[in-house]
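What follows is a single structure, written as structure tokens, with notes after it.
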Amino acid sequence: MNINNRIAKIIEHFRLSSSEFADEIDAPRSSISHITSGRNKPSLDFITKVKGRFPSLQWDWLINGEGEMLINEKDSQKNISPSDLFSIIDDENFGKEEIPTMPTEISDKSENISPSKPISREFPIPIQDVEKKNISDSQPLEISPKKEENPSPLAMEQSKKEESKIKKIILLYENGKFESFEP
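Taking the numbering used here, I'd label the letters of the sequence shown as residues 143 to 325.
Here's what the structure looks like:
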């Protein structure tokens with residue numbers, strides 16, 4: 143079964159029309175008909191909208207067609223048990239990493255190798271001291287000399303003449319015509 147058929151099966155399972163399904167997942171109605179007819183394949187965005195609106199669908203089935211269509215509620219509840227949530231922290235080996243040991247002798251016969259026991263090592267988390275720095279110890283900002291606030295009008299005119307030169311003049315008329323002049 144291809145992904146287009148799986149989308150059609152979802153629409154049929156939830157007893158929706160194509161337009162109702164499009165409204166549910168906030169997709170264009172035309173894309174639903176293109177997908178169900180086989181003209182187009184659904185995009186990733188389309189598939190995530192379907193899964194977001196219908197969370198009971200299994201990803202494996204939706205994407206690859208493997209497994210059951212709907213998530214089995216008994217299996218999902220079996221994996222989560224509220225009383226067992228913090229039991230891992232009470233374990234005396236919590237925070238320790240097991241590193242397997244290598245056999246000391248290597249022989250040509252694999253039968254002589256005995257299974258080795260893992261060695262447990264602790265990796266404590268170091269506590270870091272946070273140093274507080276005073277603002278007075280930081281580098282001061284440089285103060286730049288003030289620029290002349292009121293430059294002379296002659297200097298302004300000269301700088302404007304140097305900076306801007308007329309490239310093109312365009313006249314627009316009310317009747318939609320225009321004229322352009324280039325010096």
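Glycine included, C-beta positions come from ideal geometry on N, C-alpha and C.
Fair warning: this is a prediction, and the values are worked out from it, not measured in the lab.
Indicate the three-state DSSP secondary structure (helix, strand or coil) for residue i in the structure shown.
{"i": "S322", "result": "strand"}
{"i": "L158", "result": "coil"}
{"i": "I174", "result": "helix"}
{"i": "I312", "result": "strand"}
With distances taken between CB atoms, is the gap from residue i to residue j smaller than 7 Å?
{"i": "P164", "j": "I174", "result": "According to the sequence as given, residue 164 is Ala; it is not Pro. Closer than 7 Å, so yes."}
{"i": "N146", "j": "I177", "result": "yes"}
{"i": "P325", "j": "I308", "result": "yes"}
{"i": "G194", "j": "W203", "result": "no"}
{"i": "K191", "j": "I152", "result": "no"}
{"i": "S198", "j": "L212", "result": "yes"}
{"i": "F323", "j": "L314", "result": "no"}
Which two residues bound the contiguous alpha helix (DSSP H) that contains residue i?
{"i": "K191", "result": "L186 to R195"}
{"i": "P204", "result": "In the sequence as displayed, the identity of residue 204 is Leu instead of Pro. Counting along the chain, the alpha helix (DSSP H) containing L204 begins and ends at W201 to N206."}
Given this structure, state the Cα-to-Cα distance separating residue i from residue j, to the nearest angstrom.
{"i": "F196", "j": "E162", "result": "14 Å"}
{"i": "S306", "j": "N317", "result": "31 Å"}
{"i": "S159", "j": "R171", "result": "10 Å"}
{"i": "W201", "j": "E154", "result": "18 Å"}
{"i": "N206", "j": "M143", "result": "9 Å"}
{"i": "A169", "j": "P184", "result": "11 Å"}
{"i": "R181", "j": "F188", "result": "15 Å"}
{"i": "S179", "j": "K310", "result": "57 Å"}
{"i": "F156", "j": "N214", "result": "16 Å"}
Answer yes or no: does any C-beta atom of chain C fall closer than 7 Å to that of residue i?
{"i": "K319", "result": "This model lacks chain C altogether; it includes just one protein chain."}
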